[in-house]
Amino acid sequence: MTDGNVPVRDAGDLLRRARRLGDLSQRELAARAEVSARVVSRIESGETTAPRLDTLLSLVGAAGCHLALRPGLPGDVAEPGPAATDRAGRQFPAHLDVRPVDRFGAWWGDWPFLSTRVEKIWHRAPRQRPDNTFDLARWRRDVRRAAGERPDGYARGDDGPAATRRRQMTHDPDLRTADAEIADLVVAESERQRDCVRLIASENYVSRAVLEATGTMLTNKYSEGYAGKRYYEGQQVIDQVETLAVERAKALFGVEHANVQPYSGSPANLAVFLAFLDPGDTVMGMALPAGGHLTHGWSVSATGKWFRAVQYGVRKETGRVDMDDVRDLALAERPKVIFCGGTAIPRTIDFPAFAEIAREVGAVLVADIAHIAGLVAGGAHPSPVGHADVISTTTHKTLRGPRGAMLMSTAEHAKALDKAVFPGLQGGPHNHTTAAIAVALKEAAQPEFRTYAQAIVDNAKALAEGLTSRGFDLVSGGTDNHLLLVDLTTKEIPGKQAAKALDRAGIELNYNSVPFDPRKPFDPSGIRIGTAAVTSRGMTTADMDTVAGWIDQVVEAEKAGDAAAAEKVAGEVRELTRRYPTPGLPG
Ligand SMILES: Cc1ncc(COP(=O)(O)O)c(C=O)c1O
Numbered sequence: 112m113t114d115g116n117v118p119v120r121d122a123g124d125l126l127r128r129a130r131r132l133g134d135l136s137q138r139e140l141a142a143r144a145e146v147s148a149r150v151v152s153r154i155e156s157g158e159t160t161a162p163r164l165d166t167l168l169s170l171v172g173a174a175g176c177h178l179a180l181r182p183g184l185p186g187d188v189a190e191p192g193p194a195a196t197d198r199a200g201r202q203f204p205a206h207l208d209v210r211p212v213d214r215f216g217a218w219w220g221d222w223p224f225l226s227t228r229v230e231k232i233w234h235r236a237p238r239q240r241p242d243n244t245f246d247l248a249r250w251r252r253d254v255r256r257a258a259g260e261r262p263d264g265y266a267r268g269d270d271g272p273a274a275t276r277r278r279q280m281t282h283d284p285d286l287r288t289a290d291a292e293i294a295d296l297v298v299a300e301s302e303r304q305r306d307c308v309r310l311i312a313s314e315n316y317v318s319r320a321v322l323e324a325t326g327t328m329l330t331n332k333y334s335e336g337y338a339g340k341r342y343y344e345g346q347q348v349i350d351q352v353e354t355l356a357v358e359r360a361k362a363l364f365g366v367e368h369a370n371v372q373p374y375s376g377s378p379a380n381l382a383v384f385l386a387f388l389d390p391g392d393t394v395m396g397m398a399l400p401a402g403g404h405l406t407h408g409w410s411v412s413a414t415g416k417w418f419r420a421v422q423y424g425v426r427k428e429t430g431r432v433d434m435d436d437v438r439d440l441a442l443a444e445r446p447k448v449i450f451c452g453g454t455a456i457p458r459t460i461d462f463p464a465f466a467e468i469a470r471e472v473g474a475v476l477v478a479d480i481a482h483i484a485g486l487v488a489g490g491a492h493p494s495p496v497g498h499a500d501v502i503s504t505t506t507h508k509t510l511r512g513p514r515g516a517m518l519m520s521t522a523e524h525a526k527a528l529d530k531a532v533f534p535g536l537q538g539g540p541h542n543h544t545t546a547a548i549a550v551a552l553k554e555a556a557q558p559e560f561r562t563y564a565q566a567i568v569d570n571a572k573a574l575a576e577g578l579t580s581r582g583f584d585l586v587s588g589g590t591d592n593h594l595l596l597v598d599l600t601t602k603e604i605p606g607k608q609a610a611k612a613l614d615r616a617g618i619e620l621n622y623n624s625v626p627f628d629p630r631k632p633f634d635p636s637g638i639r640i641g642t643a644a645v646t647s648r649g650m651t652t653a654d655m656d657t658v659a660g661w662i663d664q665v666v667e668a669e670k671a672g673d674a675a676a677a678e679k680v681a682g683e684v685r686e687l688t689r690r691y692p693t694p695g696l697p698g
């Protein structure tokens with residue numbers, strides 16, 4: 112084709128390229144391309160020489176693909192355009208392009224058969240009206256406008272203001288045009304998250320609304336300070352965003368003070384150290400191998416290096432924290448700060464008991480609810496409010512917000528915490544994240560969120576039951592929350608080997624130390640499982656039994672070196688994940 116567009120007879124090339132990509136996730140792409148190719152070959156063979164646009168769109172849409180048409184070309188019933196002739200002398204639409212498209216509307220992959228000169232045009236698919244008809248008039252207008260632009264989409268013409276814009280990097284191409292490599296990786300990761308059963312206990316899927324808020328103009332703004340007291344001008348809007356987030360956090364958790372600026376959970380915890388401790392002071396937290404977090408004083412963390420950390424664990428017989436042991440340690444060591452909560456605790460945290468001990472030794476009690484914040488907000492785990500002086504949380508786990516964190520407290524500690532976050536530890540807050548936190552907090556305040564939080568726990572309990580009945584050994588014998596810690600010692604497979612085998616089968620989780628683990632942290636005895644993400648997709652307790660069965664089959668297949676059995680599970684995983692929409696991905 113003179114304009115660089117490849118005629119439809121080259122659709123086979125699309126399929127070949129897709130096949131060559133090879134890996135699991137791309138196989139689905141190849142399958143889509145195959146359907147596209149079939150649609151094209153129907154047109155090519157003359158079966159559909161003058162296809163109605165709506166017929167084509169439904170055919171291609173059913174294949175999960177998108178159809179791009181040029182104005183005035185075949186397929187556009189209103190304005191039939193030039194046709195090409197195939198080798199058998201049959202006419203077919205010369206400029207019909209059918210390609211897989213992701214649910215964001217971005218093209219799958221970088222399809223080199225498409226000339227960059229017309230790329231801008233092809234990127235514009237007709238806008239679909241709510242009644243499923245297409246606004247072709249508007250589309251044609253868009254395309255005409257686009258057709259005047261440079262092929263790379265950067266600017267019009269080579270002279271004048273447009274060229275200046277290009278030279279000064281003030282042109283404004285979209286992600287795919289500006290950086291196809293990253294655009295492809297974003298699509299690949301979206302696809303990966305869509306196609307696997309995600310059981311990483313610290314992860315979730317945010318809603319589309321939260322996702323949208325994270326990618327906004329708010330990322331452009333600096334706003335050191337707090338609402339009404341900033342070090343930069345132009346805070347008319349940002350102050351409102353942050354105030355909304357703060358007020359929503361206070362209302363949702365029932366706290367007197369909230370700071371939504373910590374960049375993430377670790378800096379939030381470091382701010383707590385800065386607020387209440389001097390270097391060398393004693394802090395008490397749960398040991399990392401017992402389920403605590405690095406930032407609660409573990410030796411390799413700054414919190415363990417710069418402070419005198421004493422650590423409690425769990426009882427070997429029960430796998431649970433023994434509050435008498437905690438009290439004994441606190442009385443002996445007199446810490447200034449006590450952390451409760453952690454990163455691999457499958458059981459309810461006894462906030463009142465921790466508060467009593469803290470009061471007895473005059474310590475500040477910090478409840479790190481990073482993992483369970485969504486459960487607390489949804490009423491599926493007791494709240495630390497009224498017991499803990501300070502509550503630290505990430506916003507991206509069961510709470511279903513963006514990557515971020517919050518510190519909450521009684522009014523008494525508000526000033527110390529705010530000063531520690533800024534200017535003590537951080538500069539400007541990430542305002543796009545603050546906006547997304549506000550959205551997540553609004554979502555968590557809806558009555559449905561209570562149902563969601565309970566469903567997370569129900570799913571965890573069902574998964575625990577499914578695994579226990581298949582002979583798996585759970586630390587503490589089960590779960591009260593979203594999290595399970597599985598000791599694979601009796602299954603005679605290391606955690607890392609099991610986690611990697613499961614990942615190959617599309618079941619994503621992490622290897623994890625278990626209490627009193629004789630193995631090293633980078634190759635420990637256990638795996639950690641969480642049910643927040645699968646619950647966000649709508650999976651239920653019945654699915655959890657299926658998942659437990661798969662975990663069992665993959666572990667056994669891995670031990671027996673039975674690749675076929677693992678591959679069979681992988682196929683079943685793909686079937687299941689197709690049934691549940693992925694939050695954040697349209698369609
Ligand atoms: C209990 C707890 N606190 C703090 C953090 C740290 O959060 P981040 O990874 O956002 O720094 C985590 C992360 O997993 C956590 O589980």
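Just so you know, the working numbering puts 270 at position 159 of the sequence shown, and the rest follows in order with no gaps.
Just so it is clear, CB atoms sit at the ideal spot from N, CA and C, and this is done for glycine as well.
Since the structure is predicted, the reported quantities are computational estimates derived from the model, not experimental observations.
Task: Cβ-heavy atom distance, Gly641 to ligand 1, below 6 Å - done: no
Task: Nearest-angstrom Cα separation, counted from Ala644 out to Leu178 - done: Here the model assigns Leu178 a pLDDT of 39, short of 50, so the residue's position is not dependable, and the following value carries that caveat. Those two C-alpha atoms are separated by around 32 Å.
TODO: Could you tell me if the beta carbon of His593 falls within a distance shorter than 6 Å of some heavy atom in ligand 1?
DONE: no
- [ ] Please confirm whether any heavy atom of ligand 2 lies closer than 6 Å to the CB of Gly376.
- [x] Ligand 2 is absent from the structure shown, which contains only ligand 1.
TODO: List the endpoints of the continuous alpha helix (DSSP H) containing Phe387.
DONE: Gly376 to Phe387
Task: Neighbourhood of Glu335 by C-beta distance below 6 Å, restricted to the same chain and skipping five residues each side - done: Tyr342, Gly538 and Gly539
Task: Spatial neighbours of Pro605 in its chain, beta-carbon cut-off 6 Å, leaving aside the 5 residues before and after - done: Asp634
Open item on the list: When you measure from the CB of His498 to every non-hydrogen atom of ligand 1, does any distance come out below 6 Å?
Closed with: no
Task: 7 Å Cβ shell around Gly490 - same chain, five flanking residues per side excluded - done: Arg561 and Ala564
Task: Selection from Asp663, Ser301 and Thr651 that minimises the alpha carbon distance to Thr579 - done: Asp663
Task: Where the alpha helix (DSSP H) containing Val658 begins and where it ends - done: Thr652 to Ala671
TODO: Would you kindly report the start and end of the unbroken beta strand (DSSP E) that includes Ile293?
DONE: Where Ile293 is concerned, there is no enclosing beta strand (DSSP E), although the alpha helix (DSSP H) it sits in stretches over Ala291 to Asp306.
Open item on the list: What does the alpha-carbon distance come out to for the pair Ala675 and His404?
Closed with: 38 Å
Task: Cβ-based neighbour list, Ala401, same chain, cut-off 7 Å, excluding 5 preceding and 5 following - done: Gly424, Val425 and Pro626
- [ ] Would you grab the beta carbon distance between Thr454 and Ser375 for me? Rounded to a whole angstrom, and I think it's under 8 Å.
- [x] About 13 Å separates the two Cβ atoms, so there is no contact after all.
Task: Three-state class that DSSP yields for Ser587 in the structure shown - done: helix
Task: C-alpha gap between Trp233 and Leu296, whole angstroms - done: With a pLDDT of 34 at Trp233, under the threshold of 50, the predicted position of this residue should be treated as unreliable, and no value is reported.
- [ ] Could you check the C-alpha separation between Pro223 and Leu385 for me, to the nearest Å?
- [x] Any answer about Pro223 is weak, because its pLDDT of 28 lies below 50 and its placement is not dependable; what the coordinates show is given next. Going by the C-alpha atoms only, they are around 54 Å apart.
Open item on the list: Given this structure, state the Cα-to-Cα distance separating Pro694 from Val317, to the nearest angstrom.
Closed with: 7 Å
- [ ] Report the rounded CA-to-CA distance for Phe396 versus Ser377, giving the unit in angstroms.
- [x] The sequence shown places Gly at residue 396, rather than the Phe named in the question. One C-alpha to the other measures close to 14 Å.
Task: Three-state secondary structure assigned by DSSP to His543 - done: helix
Open item on the list: The alpha helix (DSSP H) that contains Met434, what's its start and end?
Closed with: Met434 to Glu444
Open item on the list: Just verifying my parser: in three-state terms, what is the DSSP assignment at Tyr563?
Closed with: helix
Open item on the list: Looking only at its chain, what residues have a beta carbon closer than 8 Å to the beta carbon of Val411, apart from the 5 residues adjacent to it on each side?
Closed with: Leu405
Task: Proximity test, Cβ basis, 7 Å: Thr459 and chain C - done: The structure shown has no chain C; it contains just one protein chain.
- [ ] Name the two residues that bound the continuous beta strand (DSSP E) containing Gln422.
- [x] Arg419 to Tyr423
TODO: Label Ile638 either buried or exposed according to how many other C-beta atoms from any shown protein chain fall within 10 Å of its C-beta, with 16 as the threshold for buried.
DONE: buried
- [ ] Note down, in chain order, each residue of its chain lying with its Cβ closer than 8 Å to the Cβ of Leu381, except the 5 sequence neighbours on either side.
- [x] Thr406, Ala413, Thr414 and Leu536
Open item on the list: Between which residues of its own chain and Thr327 is the CB-CB distance below 6 Å, once the five residues before and five after are set aside?
Closed with: His543
Task: Outcome for Pro373 when other beta-carbon atoms lying within 10 angstroms are tallied against a minimum of 16 - done: buried
Open item on the list: Beta-carbon within less than 8 Å of Arg359's beta-carbon, same chain only, minus the 5 sequence neighbours each way: which residues are those?
Closed with: Ala549, Leu552, Lys553 and Ala556
Open item on the list: Excluding the 5 residues flanking Leu399 on each side, which residues of the same chain have their C-beta closer than 7 Å to its C-beta?
Closed with: Leu405 and Trp409
Open item on the list: Can you confirm whether the stretch 475 to 489 touches the stretch 605 to 617 when touching is taken to mean that 3 or more C-beta pairs between the two stretches lie within less than 8 Å?
Closed with: no
Open item on the list: In whole angstroms, give me the CA-to-CA distance for Thr657 and Asp500.
Closed with: 42 Å
Task: C-alpha gap between Pro284 and Leu322, whole angstroms - done: 21 Å
TODO: Work out the CA separation of Tyr333 and Ala294 for me, nearest whole Å.
DONE: 27 Å
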